[in-house]
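Comments concern the structure below.
Numbering (the numbering used here), first residue to last: 150 to 310.
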């Protein structure tokens, strides 16, 4: 049975520890863990978890503030009031294709709307054509911006709620 919820601190610890274990040679993951837990604690972000058999297997974070490093001051992606960014959508490989990410995004959209957010943005590397097709299918069709991040071209799209 799957559950989709606002992540608890325990969920965050489990998700980030798994991310770090999957990327042992990349110290950025430990830094991101600290940052994302802090974002949840300060209200600048809110992570949601897909939980299967009492174990978190997927995540997505709403970033509200342009102060978040993933946003890097780009108020067109998150402005602290009416625009937020869907960030760090991840699911364990063994759970792909089961609708968990779609369910998380629907939950995130509803939560954002309840918080007064009227526009959500989402980004994907240009080479990730499958993700782009999914985001377009979900209604993220307004092109917002592009940027080169970690050497990759990232395309950002938006959807009005």
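All C-beta atoms, glycine included, are put in the ideal place defined by N, C-alpha and C.
Query                                                                                                                                                                  : Result
Between residue 253 and residue 185, how many whole angstroms is the CB-CB distance? I'm expecting something under 8 Å.                                                : Not confirmed; about 15 Å, so no contact.
Could you tell me which residues DSSP puts in a beta bridge with residue 155?                                                                                          : 197
Contact defined as beta carbons within less than 8 Å: I believe residue 221 pairs with residue 160. What is the distance between those atoms, to the nearest angstrom? : At roughly 26 Å, the Cβ-Cβ gap does not stay under 8 Å, so residue 221 and residue 160 are not in contact.
Using the Cβ count rule (16 or more neighbours within 10 Å means buried), how would you classify residue 187?                                                          : exposed
Excluding the 5 residues flanking residue 261 on each side, which residues of the same chain have their C-beta closer than 8 Å to its C-beta?                          : 211, 233, 269, 310
Give the C-beta separation of residue 213 and residue 224 to the nearest angstrom, bearing in mind that I take them to be a contact with Cβ-Cβ under 8 Å.              : At roughly 11 Å, the Cβ-Cβ gap does not stay under 8 Å, so residue 213 and residue 224 are not in contact.
Restricting to Cα atoms, I'd like to know which of 238, 193, 295 is closest to residue 165.                                                                            : 238
Does residue 267 come out as helix, strand or coil in the three-state DSSP assignment?                                                                                 : coil
In angstroms, rounded to a whole number, what distance separates the CA positions of residue 194 and residue 258?                                                      : 14 Å
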